[in-house]
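K.L.:
Per this note's numbering, the sequence shown starts with residue 4, numbered consecutively.
We put the CB at the ideal spot given by N, CA and C, even for glycine.
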Amino acid sequence: MNKTISGLFIMFSVLFSMELHAATLEDFGYGSMGIRKPTPLLAIMIDFNGKDAFVHDKAYYENRVFSWAGPSINGYFIYNSYGQFHWKQAGLLGPYKLDFKNSDVVNFGNAKQAAIDEGFDFSAYDKNNDGQVTTDELAILIIDNATNEWGAKRGTDPACPKAGTVTVCSEVAAAGQRASLVTMAHELSHLMGAVDLYGALNDQNYNVSLMTATVVIGQYDFNPSFHLDPWHKMAFGWLRPEILTNSQSKSRDLYAPFDEKRNAIIIHDPAKGTKEFFILEHRTRHQPNQWPTYDDNVVGDGIAVWNVQLDQNKFPVWHENPSTPGVGDFAVWFMGGPDWQRGKGTIWSKSNATPVLKWYDGSDAGMFMDVRNANSTAEKIHTRLQSVVWQEVSGCARQVATGAFGNTWVLGCNSNGDGYEIFRRKQNAWEKMPSGAKAIAVEADGTAWIVKNSGKIFKYEGTAWVEKPGCAETIAAGSKEQVWATACASTPGGKKILKWNGSNWDVVTGGLKRIAVTPKTGVAWGVNDTGKIYRRDGNYWTQLGSGCASDIAVSLHGQPWILGCTVGIHGFEVFRMSGLDNKWHRIPGYAVDIALDPFGKPWKTTKYGNKIYTAN
4 MNKTISGLFI
14 MFSVLFSMEL
24 HAATLEDFGY
34 GSMGIRKPTP
44 LLAIMIDFNG
54 KDAFVHDKAY
64 YENRVFSWAG
74 PSINGYFIYN
84 SYGQFHWKQA
94 GLLGPYKLDF
104 KNSDVVNFGN
114 AKQAAIDEGF
124 DFSAYDKNND
134 GQVTTDELAI
144 LIIDNATNEW
154 GAKRGTDPAC
164 PKAGTVTVCS
174 EVAAAGQRAS
184 LVTMAHELSH
194 LMGAVDLYGA
204 LNDQNYNVSL
214 MTATVVIGQY
224 DFNPSFHLDP
234 WHKMAFGWLR
244 PEILTNSQSK
254 SRDLYAPFDE
264 KRNAIIIHDP
274 AKGTKEFFIL
284 EHRTRHQPNQ
294 WPTYDDNVVG
304 DGIAVWNVQL
314 DQNKFPVWHE
324 NPSTPGVGDF
334 AVWFMGGPDW
344 QRGKGTIWSK
354 SNATPVLKWY
364 DGSDAGMFMD
374 VRNANSTAEK
384 IHTRLQSVVW
394 QEVSGCARQV
404 ATGAFGNTWV
414 LGCNSNGDGY
424 EIFRRKQNAW
434 EKMPSGAKAI
444 AVEADGTAWI
454 VKNSGKIFKY
464 EGTAWVEKPG
474 CAETIAAGSK
484 EQVWATACAS
494 TPGGKKILKW
504 NGSNWDVVTG
514 GLKRIAVTPK
524 TGVAWGVNDT
534 GKIYRRDGNY
544 WTQLGSGCAS
554 DIAVSLHGQP
564 WILGCTVGIH
574 GFEVFRMSGL
584 DNKWHRIPGY
594 AVDIALDPFG
604 KPWKTTKYGN
614 KIYTAN
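1) According to DSSP, simplified to helix, strand and coil, what is Tyr82?
2) If I follow the unbroken alpha helix (DSSP H) through Ala451, where does it start and stop?
3) Cutting at 8 Å between CB atoms, please list the residues of its own chain near Phe103, excluding the five before and the five after it.
4) Terminal residues of the continuous beta strand (DSSP E) containing Val109?
5) Using the Cβ count rule (16 or more neighbours within 10 Å means buried), how would you classify Val175?
6) Assign Ser106 to buried or exposed, taking buried as 16 or more other Cβ atoms, counted over all protein chains shown, within 10 Å of its Cβ.
7) Pop quiz: Met195 and Phe239 are said to be a contact at Cβ under 8 Å. What is the actual Cβ separation, rounded to whole angstroms?
8) How many Å lie between Thr287 and Met436 at the Cα?
9) Find the nearest neighbour of Leu184 within the set Cys163, Ala162 and Asn151, judged by alpha-carbon distance.
10) Could you tell me whether the Cβ atoms of Gly346 and Gly202 are closer together than 8 Å?
11) Which residues does DSSP pair with Thr477 in a beta bridge?
12) List, from N- to C-terminal side, the alpha helix (DSSP H) runs of 4 residues or more that fit wholly inside the stretch 301–340.
13) Taking Pro227 and Asn300 to be in contact with their CB atoms under 8 Å, please state how far apart those CB atoms are, rounded to whole angstroms.
14) Could you tell me how far apart the beta carbons of Phe333 and Val308 are, in whole angstroms, since I believe they sit closer than 8 Å?
15) Closer than 6 Å by C-beta to Ala259: which residues in its own chain qualify, once you throw out the five before and the five after it? Chain order, please.
16) At a Cβ threshold of 8 Å, is Gln389 touching chain D?
17) Applying the 10 Å Cβ sphere with the 16-neighbour rule, what's the burial state of Pro321?
18) Using a threshold of 8 Å, state whether the C-beta atoms of Cys568 and Gly513 are closer than that.
19) Hey, would you say Thr349 sits closer than 8 Å to Val391, going by beta carbons?
20) Excluding the 5 residues flanking Pro605 on each side, which residues of the same chain have their C-beta closer than 6 Å to its C-beta?
21) Which residues does DSSP pair with Tyr545 in a beta bridge?
22) How close, in whole Å, do the beta carbons of Ser254 and Arg387 come, if the pair is a contact with beta carbons under 8 Å?
23) Using the Cβ count rule (16 or more neighbours within 10 Å means buried), how would you classify Pro328?
24) How many Å lie between Gly439 and Ala356 at the Cα?
25) Where Trp71 and Trp294 are concerned, what is the direct C-alpha to C-alpha distance, given to the nearest angstrom?
26) Please report the distance separating the alpha-carbon of Val17 from that of Leu28.
27) If distances are taken between C-alpha atoms only, which option among Gly505, Val445, Glu470 and Ser493 comes closest to Ala479?
28) Is the CB-CB distance between Gly497 and Asn542 below 8 Å?
29) Would you kindly check if the distance between the Cβ of Leu547 and the Cβ of Arg538 is under 8 Å?
30) To the nearest angstrom, how far is it from the Cα of Asn456 to the Cα of Val396?
31) DSSP on Phe57, reduced to helix/strand/coil?
32) If you follow the alpha helix (DSSP H) that Glu190 is in, where does it begin and where does it stop?
33) Kindly indicate which three-state DSSP category Pro437 falls into: helix, strand or coil?
34) Distance check for Gly276 and Asp160, CA to CA, integer angstroms please.
35) Where does the unbroken alpha helix (DSSP H) through Met237 begin, and where does it stop?
36) When the Cα atoms are used, what is the spatial distance from Ala93 to Leu144?
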């Protein structure tokens, strides 16, 4: 009996684990839109009696819609679909002289009838031979001279006029005679299944998705454009993002849509399922060789982050405006800087560090993003996705220090005459090292420095601790002996500041309580005895913002983390500075000591139980 229960439990655990980790692109809506492959398009020009004459001739619209060279509608869809979709020219009819009626659907029904009366062979497009021609078999675009910049997607009255052996039930996209390129493309995308993303107040996702508001009053024949958002591209089956969970820290190059390596990333929380997630993509106004890439009017160059919620049918959730019934938002939102403004804000550009991602309900999503200059070009942009889903590591520690590639050291919980026992992480276990210390630091290559209770300073060289001159309270290390310390001697602000010169210590002006070093540059950061935060800029200390800190750590690229000044049962609040607004943003969790490896992976210890945590 016990064996049976145990076996069932194991099987359930395996199945549950598979459920959590078996997310596929289809779970996020991949391929869920109806029209995804090249589709015939019939364009019809209507010259309404009593309206101003057409500004452009028929040849203009032939090129505007069907040309493969840009700027054109076909060029737009070819770029957005990465060559997988275009409109096949079924014809350009008209202009038909018609009386104007005060009903769009009647006017568009009359346009269908005019094409039928002229003898256009609609039956040739009844691919499934069911006697009906539908939008997925033949799309219709109507261009009229009653409007200029406007566009719409409508049914017709009658909905399905008779055309010989078939009825023509296709819906229509409509555009004024001087509509912008993106307005025409927007309405045609509706025929394919796309949804509006401009929000209840027509002010969301502006210039980051084709499905935002595209009409600008008085702006005629406008060519600058911007791409579809990545969720629609995925739903049309044109884009296959990589799937990551929010507990997976990764470095990735994101390529621009015009590059053959174009890509995107989905981030989700397996515990939440696949009904809410984020998509990251690279957007740029850059046009290689001056060829149109149809993203030249996007709001900026960098990484666009999208928050998406889907219903059980893999369709965006509708959030109705509580004060205006029938008006609302489809849940595909651009999340802009500096603080994840929903549907607004700026693209995350190079050298930006974001706050922690936020779910729709405002809770932390357990991951943030560094957008880096290193290895970035116009075609690609490099980003580090760092999880802050804390995972406990076995052991007990009061202080942690870390270098690259898992070179992590801690001061344990048992004291000796020199301080606390010292341990080094090796093969996922803690190896006890000789001696003891009250402070520890680790260079990027894993070389450790310690300070004993006596204030004496030692460096681990090969197999033994080698004493160095000086007396210190705390110590910090970057790379290649970029070592700083706070001295035993007091001074205004805390302790005197020491910088290692290779054989001894130089005294640096100022006073600090805690100190940290940027591994890449050797730049020092510090916290004084009143909690003020400083960075060493040349020969001066620059105060950073108005935050209050009890400890500080810095990543390879100079991204600072701090522990706040208010202590709770588990320690101090954790904060990280965003590179876009230079403000301190809260990181989930609490700590009494914090360290960052050169790649930005955090480690911490907590007050309650001296537990050790990291984020993978």
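P.N.:
A quick look at the data gives this:
1) The answer is helix: DSSP assigns Tyr82 an H, G or I state.
2) First-last for Ala451: Ala451 to Val454, but that is the beta strand (DSSP E), not the alpha helix (DSSP H).
3) In chain order, Phe51, Asn52, Gly53, Lys54, Asn110 and Ala149 place their CB closer than 8 Å to the CB of Phe103, counting only its own chain and leaving out the 5 sequence neighbours on each side.
4) First-last for Val109: Asp107 to Glu121, but that is the alpha helix (DSSP H), not the beta strand (DSSP E).
5) Its Cβ being crowded by 16 or more others within 10 Å, Val175 is buried.
6) If you draw a 10 Å sphere on the C-beta of Ser106, you find fewer than 16 other C-beta atoms in it, and that means exposed.
7) At roughly 7 Å, the Cβ-Cβ gap stays under 8 Å, so Met195 and Phe239 are in contact.
8) Taking the CA atoms as reference points, Thr287 sits about 51 Å from Met436.
9) Ranked by how close their Cα comes to the Cα of Leu184, the residues Cys163, Ala162 and Asn151 have Asn151 in first place.
10) Result yes, Cβ atoms of Gly346 and Gly202 sit closer than 8 Å.
11) Beta-bridge pairing links Thr477 to Thr489.
12) The qualifying runs do not exist here; there are none.
13) Yes, they are in contact, since the Cβ atoms of Pro227 and Asn300 sit about 4 Å apart, within 8 Å.
14) Wrong, their Cβ atoms sit about 17 Å apart, outside the cutoff.
15) In the same chain as Ala259, and ignoring 5 residues on each side of it, the C-beta atoms closer than 6 Å to its own belong to His285, Thr287 and Glu382, in chain order.
16) Although the question refers to chain D, the structure presented lacks it and comprises just one protein chain.
17) Inspection of the sequence shows that residue 321 is occupied by Trp rather than by Pro. By the 10 Å Cβ count, Trp321 comes out exposed.
18) Not closer than 8 Å, so no.
19) No.
20) The residues are Leu599 and Ala618.
21) For clarity, residue 545 is Thr in the given sequence; the question names Tyr instead. Beta-bridge annotation (DSSP): Thr545 is paired with Arg538.
22) Confirmed, about 5 Å.
23) Classification of Pro328: exposed, given that the 10 Å Cβ count is below 16.
24) In this structure, the CA atom of Gly439 is about 37 Å from the CA atom of Ala356.
25) The C-alpha of Trp71 lies about 12 Å from the C-alpha of Trp294.
26) At Val17 the pLDDT is 35, less than 50, meaning the model places this residue with poor confidence and gives no usable figure here.
27) Selected option, being the one with the closest Cα: Val445.
28) Contact: no.
29) Their beta carbons are under 8 Å apart, which means Arg538 touches Leu547 by this criterion.
30) A direct Cα-Cα distance of roughly 27 Å separates Asn456 from Val396.
31) DSSP places Phe57 in coil when its eight states are reduced to three.
32) Looking at the DSSP string, the run of the alpha helix (DSSP H) that includes Glu190 is Leu184 to Met195.
33) Strand, per DSSP.
34) The alpha-carbon atoms of Asp160 and Gly276 are separated by roughly 43 Å.
35) Pro233 to Ala238 is the span of the alpha helix (DSSP H), which, as asked, contains Met237.
36) Pairing Ala93 with Leu144, the inter-Cα distance amounts to about 11 Å.
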